[in-house]
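If you read the sequences in order, they're chains A and B.
For the first sequence, position 79 (counting from the first letter as 1) is numbered 79 according to this note's numbering, and the numbering increases by one without interruption.
For the second sequence, position 194 (counting from the first letter as 1) is numbered 1194 according to this note's numbering, and the numbering increases by one without interruption.
Glycine is no exception: its CB is placed at the ideal position from the N, C-alpha and C atoms.
First comes the structure, then the notes that go with it.
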Amino acid sequence: MKLAAWGRYPIIESQEVSIHQASIWSKPCIAIGNLRSYGDAALFDTHINVQRSQQFISFDAENGLLTCDAGVLLADIIQTFLPRGYFPKVVPGTKLITVGGAIAADIHGKNHHSYGCFSNSVHSFKLLLPHHRVIDCSRSQNSDFFYATCGGMGLTGIIIEATISLKKINSPWIEQQTIKTRNLEETFEAFENYSSIPYSVAWIDCLSKKEQMGRSLLMVGDFSMEGNLEVNKSKKISIPFNFPTFSLNNLTVKAFNTLYYGKAPAGVSHQRVNYEQFFFPLDSILHWNRIYGKNGFIQFQFILPKKVSLTGLKHILNQISNTGLGSFLAVLKLYGPSNDNWLSFPIEGYSLALDFKMTPDIPKFIHALTDEVIALGGRVYLAKDALMTASQVEASYPLAGKFKDFRKTQELDNYFRSIQSIRLGL
Amino acid sequence: MNNTQKPWIAIFGANSDMAVSTARMYASKGYNIYLLSRSLDSCQRTKNDLEIRYQIAAEAIYFDARKFSSHGEIYEQLPIKPIGVILAFGIMLPQLAAQSDINSAITMAEINYLGCITLLEKVAQDMESRKEGFIVGISSVAGERGRMSNYIYGSTKGALSIYLEGLRHRLAKSGVHVLTVKPGFVATKMTMGLDLPPLLTASPELVARKIYQATERKKDVIYVKGIWQLIMFIIKSIPNVIFHKTKM
């Protein structure tokens, strides 16, 4: 079958095998979840689909501890537990990801600066190793496997079930404030001023230049303490086919950005929004990745250490707006301290995520940008990467070598591989 | 409503993807669920999932479709008799194996046909006296015309369809509803790796939804994907002169 992740680049031919077949250990494979990473982290010629098992195993309402199959979607957890007053402690921009995928990419959300990564909410998980050996992993048991697997992009075994803790909430509504800023300095200032609010993210207009460069809408918020847990069903729209490749160009993107920015009231405004609108605005547009056409797109997400974030971002934004390679959506986010996982993406600082429609010029451009990010002490998110090189990873993930050695000594490299792991020499 | 007031659905052969989806469907509508299969372990897992997910009660019970004499007792021992019984067990072994190995043919006949009779006669008796309830049998489009590629399996399903038809006739005056389901291709762990044509292939969730709707609307026979009705109509209409030249 043809397989591609969310960026629809690359597209490969891959065969599914079952974890119940003894023959799965005869050649390397990679576990896939809901294929919502962007690049080639979940792509290989043989795969195991963890969504074949998606059951809840136990739930302790007292402390919010949920044990479930790795194939359970966050959407499933939210649908089941939100009406009872629980919510995952970390969610990314889509709820259509599996628990296994959330651990493997050690995903983060709008609350990284206040809470940390998904792995922070992971109590333990079961990992399937070659020849059907299953081990329990936590910070105190098989801890090497725990720290290597959280953020390890599925290269240390197959996560089959996990115990995670959910947080208690009083309402599915979010009290949101939107802060409209006029340039990058103001945006950074606003992030810091509002950093005591648990959730924050900024939509940034990448194409604006000079004194307007970095103008943003910063959205901060938290679950409302009032009201009840009643959940409304939201309407979905769908992009039914790939847009023609010319429909996204510099002009349309610029027009969109101007409209989006212009729509928001000046200064600080307050809204009460549904959790879906706040956390998962794009989930209401099914197949939104089709707007980039059949060649797919690259989502480039990098992070810079705090002390160079402002100057570094200015420098990189300059290049993006100069080349005019448009980005439909650019997201700026503040991060808290890094964790102990070997390949987790976050470091204390700011990250920017933007989409580039795939064209022949893009790989070279991204490669150069990545070099600059690394020179500034930053790194690129493996869950979105399709283009980095082995030396770039080595230079930006200090524990990549340890991870590689671990895979060798545990003989994992012969069993778990992805196109990404081969490209990056992991 | 607390769980003791909720009506029960019994799903026999509860280990298949279709059965699990169907269990979820009914549980989401507020039914308690009996899960019966040979794999008690997987029924137990499904029970936990249903109870957590839908806050209903579920029970995992051992059931072997080929142990005919046990069927009556298993049904009798259900503490609260179900309002609906869904037969989801079935097996398809390769045609060529069934031609050369008689045991393979017998297995299919036992599971797909005989086991249904021994169980459903007991269920029918109970529902007939209660004057309520519904029975769902999962048959197959393969049972509509014998074809060289699949006629041993097909004949067991054809027999099941006729059995269900007769049962429907008998139970009509008692107000007991009998539904025959013809799923066509279904994408499950059993068909994993096969390149099934998307237009003709249903997901287990779709099968579950169609079953639920059909029991609500008291339909007699449903094709999960309507296109199968057309396909089977065409296949049944081909005269033997031509049909015998094909290899379907």
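Below 8 Å on the Cβ atoms is my contact criterion, and I expect residue i with residue j to pass it. Report the Cβ-Cβ distance as a whole number of Å.
{"i": "S1155(B)", "j": "T1180(B)", "result": "Actually they do not touch by this definition, with Cβ atoms about 16 Å apart."}
{"i": "I1056(B)", "j": "N1003(B)", "result": "6 Å"}
{"i": "T46(A)", "j": "S18(A)", "result": "Not quite, the Cβ-Cβ distance comes to about 11 Å (not below 8 Å), so this is no contact."}
{"i": "A1171(B)", "j": "A1124(B)", "result": "Note that residue 1171(B) is Leu in the sequence shown, not Ala. At roughly 6 Å, the Cβ-Cβ gap stays under 8 Å, so L1171(B) and A1124(B) are in contact."}
{"i": "V1224(B)", "j": "L1206(B)", "result": "6 Å"}
{"i": "L317(A)", "j": "M213(A)", "result": "6 Å"}
{"i": "N1150(B)", "j": "A1159(B)", "result": "Not quite, the Cβ-Cβ distance comes to about 14 Å (not below 8 Å), so this is no contact."}
{"i": "S26(A)", "j": "A5(A)", "result": "Not a contact, Cβ separation roughly 25 Å."}
{"i": "R1168(B)", "j": "D1126(B)", "result": "The Cβ separation is near 16 Å, so there is no contact."}
{"i": "H123(A)", "j": "I77(A)", "result": "Wrong, their Cβ atoms sit about 14 Å apart, outside the cutoff."}
{"i": "I204(A)", "j": "L332(A)", "result": "5 Å"}
{"i": "F365(A)", "j": "G293(A)", "result": "Their Cβ separation, rounded to whole angstroms, is 18 Å, which puts F365(A) and G293(A) out of contact at 8 Å."}
Based on the DSSP secondary-structure assignment, which residues constitute the bridge partners of residue i?
{"i": "T181(A)", "result": "S216(A)"}
{"i": "A1058(B)", "result": "I1033(B)"}
{"i": "F1134(B)", "result": "G1084(B), H1177(B)"}
{"i": "R379(A)", "result": "I303(A)"}
{"i": "A162(A)", "result": "C68(A), F125(A)"}
{"i": "L333(A)", "result": "For the sequence presented, residue 333(A) should be read as Lys rather than Leu. According to DSSP, which records beta bridges pairwise, K333(A) is partnered with S351(A)."}
{"i": "T46(A)", "result": "Q15(A)"}
{"i": "F87(A)", "result": "K167(A)"}
{"i": "T1251(B)", "result": "Nothing can be reported for residue 1251(B): it is not among the residues displayed for chain B, which extend from 1001 to 1248."}
{"i": "I237(A)", "result": "I285(A)"}
{"i": "W173(A)", "result": "N274(A)"}
{"i": "V1020(B)", "result": "In the DSSP output, where bridge partners are listed per residue, V1020(B) has none listed."}
{"i": "F356(A)", "result": "I298(A)"}
{"i": "D1195(B)", "result": "DSSP, once it has assigned bridges, lists no residue as partnering D1195(B)."}
{"i": "G100(A)", "result": "Its beta-bridge partners do not exist; DSSP assigns none."}
{"i": "A1105(B)", "result": "Beta-bridge pairing links A1105(B) to no other residue."}
{"i": "A31(A)", "result": "I48(A)"}
{"i": "G221(A)", "result": "Q176(A), Y199(A)"}
{"i": "F416(A)", "result": "C29(A)"}
{"i": "L73(A)", "result": "T98(A)"}
In the DSSP assignment, the beta strand (DSSP E) including residue i goes from what residue to what residue?
{"i": "Y199(A)", "result": "199-204"}
{"i": "V1221(B)", "result": "1221-1223"}
{"i": "W1008(B)", "result": "1008-1012"}
{"i": "Q271(A)", "result": "268-274"}
{"i": "L472(A)", "result": "The displayed coordinates of chain A run from 1 to 426. Any statement about residue 472(A) would go beyond what the structure contains."}
{"i": "A4(A)", "result": "2-4"}
{"i": "F56(A)", "result": "56-60"}
{"i": "I107(A)", "result": "Segment: none, I107(A) is in no beta strand (DSSP E) and carries neither H nor E."}
{"i": "V134(A)", "result": "133-137"}
Output the boundary residues of the alpha helix (DSSP H) element that contains residue i.
{"i": "L304(A)", "result": "Per DSSP, L304(A) belongs to no alpha helix (DSSP H); it is in the beta strand (DSSP E), 297-305."}
{"i": "G1154(B)", "result": "1151-1171"}
{"i": "S391(A)", "result": "390-396"}
{"i": "K1210(B)", "result": "1204-1216"}
{"i": "V1141(B)", "result": "No alpha helix (DSSP H) holds V1141(B); DSSP gives it neither H nor E."}
{"i": "I1235(B)", "result": "1227-1237"}
{"i": "Y9(A)", "result": "No alpha helix (DSSP H) contains Y9(A), which DSSP labels as neither H nor E."}
{"i": "Y1075(B)", "result": "1071-1076"}
{"i": "Y147(A)", "result": "143-149"}
{"i": "S421(A)", "result": "419-424"}
{"i": "F406(A)", "result": "400-409"}
{"i": "S1100(B)", "result": "1095-1100"}
{"i": "V231(A)", "result": "Segment: none, V231(A) is in no alpha helix (DSSP H) and carries neither H nor E."}
{"i": "N1240(B)", "result": "1240-1243"}
Should residue i be counted as a contact of the ligand GDP given a C-beta to heavy atom distance under 6 Å?
{"i": "E13(A)", "result": "Of the ligands one can find in the structure shown there are none, so the ligand GDP has no counterpart to examine."}
Item to complete: Return the residues of the stretch 39-66 of chain A that lie within a Cβ-Cβ distance of less than 7 Å from chain B, sorted by chain order.
Response: R52, Q55, F56, I57, S58, F59
Worksheet entry | contact_flag[the stretch 354-370 of chain A, the stretch 280-300 of chain A] where n(CB pairs < 8 Å) is 3 or more | yes
Practice prompt. Using a Cβ-Cβ cut-off of less than 7 Å, give me the residues of the stretch 1102-1119 of chain B that come near chain A, in sequence order.
Written response: none
Worksheet entry | Cβ pair count under 8 Å reaching 3, the stretch 57-76 of chain A against the stretch 261-268 of chain A | no
Discussion item. Output needed in chain order: residues of the stretch 2-24 of chain A with a Cβ under 9 Å from some Cβ in chain B.
Written reply: Q15, E16, V17, S18, H20
Practice prompt. Examine the Cβ distances between the stretch 52-63 of chain A and the stretch 23-37 of chain A and report whether three or more of them are shorter than 8 Å.
Written response: no
Worksheet entry | Members of the stretch 71-89 of chain A near chain B, C-beta cut-off 7 Å | T80
Discussion item. For the stretch 1025-1032 of chain B against the stretch 1048-1055 of chain B, do three or more pairs of beta-carbon atoms, one drawn from each stretch, fall closer than 8 Å, so that the two count as touching?
Written reply: yes
Fill in: Proximal residues, the stretch 1177-1202 of chain B versus chain A, C-beta separation under 9 Å
K1189, M1192, G1193, D1195
Worksheet item: Relative to chain A, which residues along the stretch 1133-1156 of chain B have a C-beta separation below 7 Å, given in chain order?
Response: none
Worksheet item: Going along the stretch 1031-1044 of chain B in order, which residues come within less than 9 Å of chain A, judged by CB to CB distance?
Response: none
Worksheet item: Three or more beta-carbon pairs under 8 Å between the stretch 158-176 of chain A and the stretch 272-280 of chain A, yes or no?
Response: yes
Discussion item. Quick test of the definition: if touching needs 3 or more C-beta pairs under 8 Å, does the stretch 150-161 of chain A touch the stretch 102-109 of chain A?
Written reply: yes
Discussion item. Tell me which residues of the stretch 1002-1013 of chain B have at least one Cβ-Cβ distance to chain A shorter than 7 Å, keeping chain order.
Written reply: none
Worksheet item: Does the stretch 368-386 of chain A come close enough to the stretch 181-194 of chain A to have 3 or more Cβ pairs within less than 8 Å?
Response: no
Practice prompt. Would you check if the stretch 191-208 of chain A and the stretch 113-124 of chain A touch, i.e. whether three or more CB-CB distances between them fall below 8 Å?
Written response: yes
Worksheet item: If contact means a Cβ-Cβ distance below 7 Å, which residues of the stretch 1050-1073 of chain B contact chain A?
Response: I1052, R1053
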